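To convert, count from 1 in the sequence shown and add 21; that's the working numbering. So the structure is just underneath, and the comments pick up after that.
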Amino acid sequence: MSIDHETQMLTAIEEAEKARQLEEVPIGAVIVGLDGAILARAHNQVITRADPTAHAEILSLRKACRTAGNYRLPGTTLYVTVEPCPMCMGAIVHARMERIVFGAFDLKWGAAGSLYNLHADSRLNHRVEIVSGILKEPCRQLMQDFFLAKRNPPPAC
Numbered sequence: 022m023s024i025d026h027e028t029q030m031l032t033a034i035e036e037a038e039k040a041r042q043l044e045e046v047p048i049g050a051v052i053v054g055l056d057g058a059i060l061a062r063a064h065n066q067v068i069t070r071a072d073p074t075a076h077a078e079i080l081s082l083r084k085a086c087r088t089a090g091n092y093r094l095p096g097t098t099l100y101v102t103v104e105p106c107p108m109c110m111g112a113i114v115h116a117r118m119e120r121i122v123f124g125a126f127d128l129k130w131g132a133a134g135s136l137y138n139l140h141a142d143s144r145l146n147h148r149v150e151i152v153s154g155i156l157k158e159p160c161r162q163l164m165q166d167f168f169l170a171k172r173n174p175p176p177a178c
């Protein structure tokens with residue numbers, strides 16, 4: 022079965038928009054099974070939940086594992102708007118996910134090619150396929166606009 026990466030990434034972008042509306046870092050994630058069905062979707066909620074682990078990837082992993090009734094998610098694909106950090110990559114490797122598809126690279130925290138390559142580390146017992154740059158510009162723009170607004174808030178009336 023062929024999965025349309027762009028369609029799934031658009032769903033992840035919808036999730037990222039939900040995070041932005043909550044004034045969270047706008048990252049969204051979607052986990053898709055072998056049949057192309059969405060198992061879980063989530064957005065960053067670190068501030069909302071007062072939880073440093075409430076990244077979109079972690080929240081979607083938790084939901085997908087509950088749906089699957091298993092802590093392993095073989096054959097699944099994670100779509101995420103921004104390259105996962107080391108914490109998220111560790112969880113992804115532990116879950117034995119097949120693939121990560123992401124939009125924008127994260128040059129400060131990225132663990133799927135930018136800063137670290139945890140997905141391909143031969144010392145770990147699982148490798149994850151990486152597909153990068155899917156809808157890169159809208160994913161990058163979401164992040165850029167968010168942080169620009171944080172640095173330059175509108176003047177008070």
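Cβ coordinates follow ideal geometry from the N, Cα and C atoms, glycine included. Treat the numbers as computed from the prediction; the structure is a model and nothing was measured.
Would you give the residue range spanned by the alpha helix (DSSP H) that residue i belongs to?
i, result
"V152", "Where V152 is concerned, there is no enclosing alpha helix (DSSP H), although the beta strand (DSSP E) it sits in stretches over 150-153."
"A37", "26-42"
"G111", "107-115"
"R144", "It is not in any alpha helix (DSSP H) - R144 carries neither H nor E in the DSSP assignment."
"F168", "157-172"
Short of 8 Å in beta carbon distance, which residues of its chain neighbour residue i, apart from the five on each side in sequence? Order them along the chain.
i, result
"T45", "The residue asked about is misnamed: residue 45 is Glu in this sequence, not Thr. Cβ within range, chain order: H64, N65, Q66, V67, I68, T69."
"A112", "E78, I79, L82"
"T88", "L60, A61"
Does DSSP classify residue i as helix, strand or coil?
i, result
"V48", "The amino acid at residue 48 is misidentified as Val; the sequence shows Ile. Residue state, collapsed to three classes: coil."
"R62", "strand"
Excluding the 5 residues flanking residue i on each side, which residues of the same chain have their C-beta closer than 7 Å to its C-beta?
i, result
"R93", "A116, R117"
"A37", "P47, I48, G49, H64, T102, L163"
Could you tell me the boundaries of the beta strand (DSSP E) in which residue i lies?
i, result
"G124", "120-125"
Which residues in the same chain have their Cβ closer than 6 Å to the Cβ of residue i, if we skip the five residues on either side of it in sequence?
i, result
"D194", "With the chain running from 22 to 178 in the structure shown, residue 194 is simply not present."
"V152", "V122"
"R120", "T98, E150"
"K39", "H64"
Please confirm whether residue i has its beta-carbon closer than 8 Å to some beta-carbon of chain D.
i, result
"K129", "In the structure shown, chain D cannot be found, because there is only a single protein chain."
(request) Give, in chain order, every unbroken run of the alpha helix (DSSP H) that is at least 4 residues long and sits entirely within the segment 66-99. (result) 67-70, 77-89
(message) When you compare the segment 97-104 with the segment 154-174, are there three or more beta-carbon pairs, one atom per stretch, that lie closer than 8 Å?
(response) Touching, per the Cβ criterion.
(message) Count Cβ pairs between the segment 133-146 and the segment 47-57 that sit closer than 8 Å; are there 3 or more?
(response) The segment 133-146 and the segment 47-57 do not touch, with fewer than 3 CB-CB distances between them shorter than 8 Å.
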